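This report refers to the structure that appears directly beneath it.
Residue numbers (full-length UniProt numbering): 1 to 77.
Structural data, given as structure tokens:
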């Protein structure tokens with residue numbers, strides 16, 4: 001769908017909404033410049049809501065990142 005995003009600043013919202021449409025089996029044409037502003041507000045609200053969710057806050061406070069090892073030698077094939 002070339003030239004779908006005419007505002008040039010909503011590519012992230014388009015990507016998220018296209019993923020959602022794909023997962024739910026919905027037509028991608030449902031996401032367009034006429035409703036992308038509302039979609040942007042919905043994404044912002046979802047992020048705000050998650051940021052204020054006590055369960056997510058608790059889980060994030062208890063998160064321990066996995067241990068990683070760094071190999072100083074890199075082999076390029």
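In this text, a Cβ means the ideal position worked out from N, Cα and C, and glycines have one as well. Here the structure is a predicted model, which is why all the values come from computation and not from measurement.
Starting from residue 61 and walking both ways along the alpha helix (DSSP H), at which residues does that stretch end? By 1-based counting over the chain shown, the position of residue 61 is 61. Per DSSP, residue 61 belongs to the alpha helix (DSSP H) from 54-61.
Is residue 44 near residue 31, with beta carbons less than 8 Å apart? In the chain shown, residue 44 corresponds to position 44, counting from 1. In the chain shown, residue 31 corresponds to position 31, counting from 1. Taking C-beta atoms as the reference points, residue 44 and residue 31 fail to come closer than 8 Å.
Keeping to the same chain, check which residues put their C-beta closer than 7 Å to that of residue 16; ignore five residues upstream and five downstream. Start at 1 with the first residue of the chain shown, and residue 16 comes out as number 16. Excluding sequence neighbours, residue 16 sits near 43.
How long is the line joining the alpha carbons of residue 74 and residue 64, rounded to whole angstroms? Residue numbering aside, residue 74 sits at position 74 when the chain shown is read from its first letter. Residue numbering aside, residue 64 sits at position 64 when the chain shown is read from its first letter. Near 27 Å, if we compare the C-alpha coordinates of residue 64 and residue 74.
Reducing DSSP to helix, strand and coil, say where residue 38 ends up. Start at 1 with the first residue of the chain shown, and residue 38 comes out as number 38. Residue 38: helix per DSSP, three-state reduction.
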